[in-house]
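Notes for the one structure printed next.
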Amino acid sequence: LYILGNILNNLSPAALDKARNIYRPLLEEKGYKVLGIIPAHPAITFPTVAEFHEALKGEVLCGEENMGLPVEEIVVGTMTIEGALRYLRRALNKAVITGGDRSDMALTALETSTSVLILTGGLHPDIRIIARAREKGIPVILVHFDTYTTIGALQGIARQIRPQDSRTISLIKEEVARNCSWEKIEEGIESYRVFSTTEGQ
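In the numbering used here, the protein residues as written are 173 to 373.
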């Protein structure tokens with residue numbers, strides 16, 4: 173098996189630092205080329221609001237224009253506002269799952285970095301929630317499951333990149349071009365040609 177080299181992909185900021193300063197030197201010391209180190213990108217790595225909607229089959233009450241937003245975390249709003257506030261403020265680009273009757277939780281979530289508000293129990297929210305979500309451009313999805321069932325339906329959800337998703341595909345191409353050494357890749361391909369020619373003789 174001929175290995176051209178390694179591309180380290182989908183790395184968090186902490187892993188990115190280790191890849192550059194620890195793993196790359198170790199690999200190269202053992203004779204393995206590192207052809208690229210690609211950081212994680214929310215728009216590529218994380219599932220979108222649309223994929224959450226597809227998994228839940230819920231009703232989109234508003235925010236249809238922003239179904240492509242990435243969802244990096246899930247916060248379940250079953251606690252008191254005081255208890256939830258720390259999590260709501262800390263989590264970025266999140267889905268907040270809470271009961272349709274929890275207007276306090278929903279309104280608080282809408283004032284933080286939220287990609288989608290998922291309301292459970294089939295309970296239509298207070299009109300203030302829809303009005304504020306529209307102002308902020310945040311999708312609101314209503315489901316008839318309870319909160320526990322809703323969380324279960326989202327287990328294992330992952331980013332699916334489809335052929336028609338031209339924006340994401342372009343972004344992937346940009347990330348590969350920016351973070352991979354094409355010179356090393358071309359050198360590796362040329363070395364493989366020489367290797368395969370020699371092996372075939």
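We put the beta carbon where it would ideally sit given N, CA and C, even for glycine.
Check                                                                                                                                 : Outcome
Report yes or no: do the segment 188-205 and the segment 326-335 share at least 3 C-beta pairs separated by less than 8 Å?            : no
Would the beta-carbon of residue 230 fall within 7 Å of that of residue 301?                                                          : no
Taking residue 179 as the reference, which of 329, 207, 185 has the closest Cα?                                                       : 207
Could you check the C-alpha separation between residue 242 and residue 282 for me, to the nearest Å?                                  : 16 Å
Rounded to whole angstroms, what's the CA-CA distance from residue 256 to residue 239? Just pull it up for me.                        : 25 Å
Counting Cβ pairs, one atom from each stretch, are 3 or more of them under 8 Å apart for the segment 212-222 and the segment 294-309? : no
According to DSSP, which residues form a beta bridge with residue 361?                                                                : BP columns for residue 361 are empty, so no partner.
Opposite residue 242 in the DSSP bridges: which residues?                                                                             : 220
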